[in-house]
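The structure under discussion appears below in the form of structure tokens.
If you want it as structure tokens, here you go:
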């Protein structure tokens, strides 16, 4: 018997001596099903140019590195396997195991791994010729879907359950408070239009974000006391140079998505910005009188359970209420209260106590992004510490607060600190952290105990560009741990 009760491989060709640059493969199973690695095939690889994706080339240029975090210029598999090793490495749900399998030289080799789960076999090539994740190939029509991400810097293959992203909440129980969930979000969510590069924060529009799993939306609107229209803005600027975009039109897209996917909910943070002369009080009155629909919105000032808000938008207001709303819900007010929002903070508390926020955004030079990444890691660790109760009782302990973690940062006056360029560094680094370190005892920066390993609300820029949704898939994937609870 070999490591952790597994059999050492038998092979028609012995492994070559381990090169200094190579290391043993680690496999991390972040799914609810046990996996067993059964077969390892080693192929010659033909080098590709730049990983096969435009986005990879952009990341290389923006980061000033030939190797963005966790990836490399990979090889394209060719020919027949030159090694064929039958093995037996069992990896339980949310377990991590090192193996004696030598990793591939990413420019010259490809390893094909065949796993078995509940009698069915699934296959993945490591590394792939592209930089994106891969859905494992089903060899015999198995029922499960698995997504694999190979992080070269950690010599680690991380496997997630492949949630159906338009309706990923359908797999979670009604009893969970929303603050127990790992929620992907976007910063200045409607800013995917042609705009100033310091204004545009997103690569794709609202519906595409929803269809790919995003469930927290950060929305800024201009307000006039003489109009009920709410133009979408980013600071003082419109979100589009090709005509004003409006809150009402964005809502139509969200309502259509919820009609198509009634198992889902989303949290919408609404803030007043722009050059309009209206006040916070005007905004809350306009929302209540012209946009609020009790069937579509959840506006009670408490963190709800998932079952209460499926098919609805949960309001997180970053504005003060009009006095006419103070008497709502037994004089508790209207909407989750984010009106007292900590500025440029590392771990700020909302005045209402519903959330802890990392929103350090004043990046004055491109090298300062490393500080930002370290703050993101620490807030992910804080979010992963709580253990959430699973109870339908209305008298159980109060829900834990949200942990809201902004990956965004910018500096209007420095082109290398505009949103897209910050995201080119931050997003791959957070994918790597979620695959290698999140939820692992002793691997997080502070050393807090690991609880349910929730990621909290992770608020991103520039996801979905060139079809790259890996960061969103990683965040959604961590919800699988909640499914292990009875």
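In full-length UniProt numbering, the protein residues as written are 1 to 486. Using N, Cα and C, we set each Cβ at its ideal position, and we do this for glycine too. Values in this document were obtained by computation on a predicted structure and should not be read as measured data.
Whose CA, out of the options, lies closest to the CA of residue i?
i	options	result
residue 449	149, 381, 422 and 413	381
residue 148	28, 281, 342 and 263	28
residue 276	165, 238 and 303	238
residue 81	472, 159 and 43	43
residue 478	244, 447 and 182	182
residue 320	334, 102 and 348	334
residue 466	131, 433, 190 and 305	131
residue 128	315, 143 and 106	106
residue 253	31, 417 and 190	190
residue 97	418, 156 and 472	156
residue 313	445, 216 and 401	216
residue 100	26, 264 and 407	26
residue 402	264, 240, 178 and 102	178
residue 295	263, 307, 282 and 311	311
residue 83	110, 94 and 93	110
residue 356	343, 163, 485 and 363	343
residue 282	375, 300 and 322	322
residue 227	297, 233, 180 and 278	278
residue 46	264, 76, 316 and 241	76
residue 293	468, 187, 251 and 332	251
residue 133	471, 421 and 364	471
residue 304	341, 265 and 338	265
residue 151	163, 432 and 299	432
residue 154	486, 436 and 34	436
residue 88	193, 116 and 102	116
residue 246	259, 230 and 361	230
residue 346	373, 364 and 353	373
residue 249	474, 267 and 205	205
Grouping DSSP H, G and I as helix and E and B as strand, with all else coil, what is residue i?
i	result
residue 212	coil
residue 71	At residue 71, the pLDDT of 41 sits below 50, so the modelled position is not reliable; the number obtained from the coordinates is stated separately. Residue 71 falls in the coil class under three-state DSSP.
residue 144	coil
residue 475	helix
residue 197	coil
residue 38	strand
residue 445	coil
residue 309	helix
residue 30	strand
residue 433	helix
residue 47	strand
residue 173	coil
residue 182	coil
residue 162	coil
residue 486	coil
residue 134	strand
residue 332	coil
residue 207	helix
residue 317	strand
residue 337	strand
residue 325	helix
residue 24	strand
residue 481	helix
For the putative contact between residue i and residue j, defined by C-beta atoms under 8 Å, what is the C-beta separation to the nearest angstrom?
i	j	result
residue 218	residue 459	6 Å
residue 490	residue 39	What is shown of the chain runs 1 to 486, which leaves residue 490 out entirely.
residue 112	residue 41	4 Å
residue 426	residue 369	7 Å
residue 185	residue 214	6 Å
residue 404	residue 456	7 Å
residue 438	residue 423	Actually they do not touch by this definition, with Cβ atoms about 19 Å apart.
residue 203	residue 462	5 Å
residue 441	residue 307	So it is not a contact: roughly 32 Å between Cβ atoms.
residue 413	residue 359	About 20 Å separates the two Cβ atoms, so there is no contact after all.
residue 32	residue 434	Between residue 434 and residue 32 the Cβ distance is about 17 Å, and since that is not below 8 Å, they are no contact.
residue 161	residue 389	So it is not a contact: roughly 23 Å between Cβ atoms.
residue 92	residue 34	5 Å
residue 419	residue 377	That pair is no contact at about 20 Å.
- Count the C-beta pairs between the segment 261-272 and the segment 212-227 that are closer than 8 Å, then say yes if the count reaches three, no if not. yes
- Task: Kindly provide the ranges of any alpha helix (DSSP H) runs that are 4 or more residues long and lie completely inside the segment 343-428, ordered along the chain.
- Result: 369-384
- Item | Meets three-Cβ-pair contact criterion under 8 Å: the segment 134-153 and the segment 110-123 | yes
- Sequence ranges, alpha helix (DSSP H) only - wholly within the segment 219-307, length at least 4: 247-260 and 280-286
- Query: Is the segment 319-334 touching the segment 281-299, taking contact as three or more C-beta pairs under 8 Å?
  - Reply: yes
- Task: Tell me the start and end of each unbroken alpha helix (DSSP H) in the segment 66-132 that is at least 4 residues and wholly inside, in chain order.
- Result: none
- Item | Any 3 or more C-beta pairs closer than 8 Å across the segment 150-169 and the segment 192-209 | no
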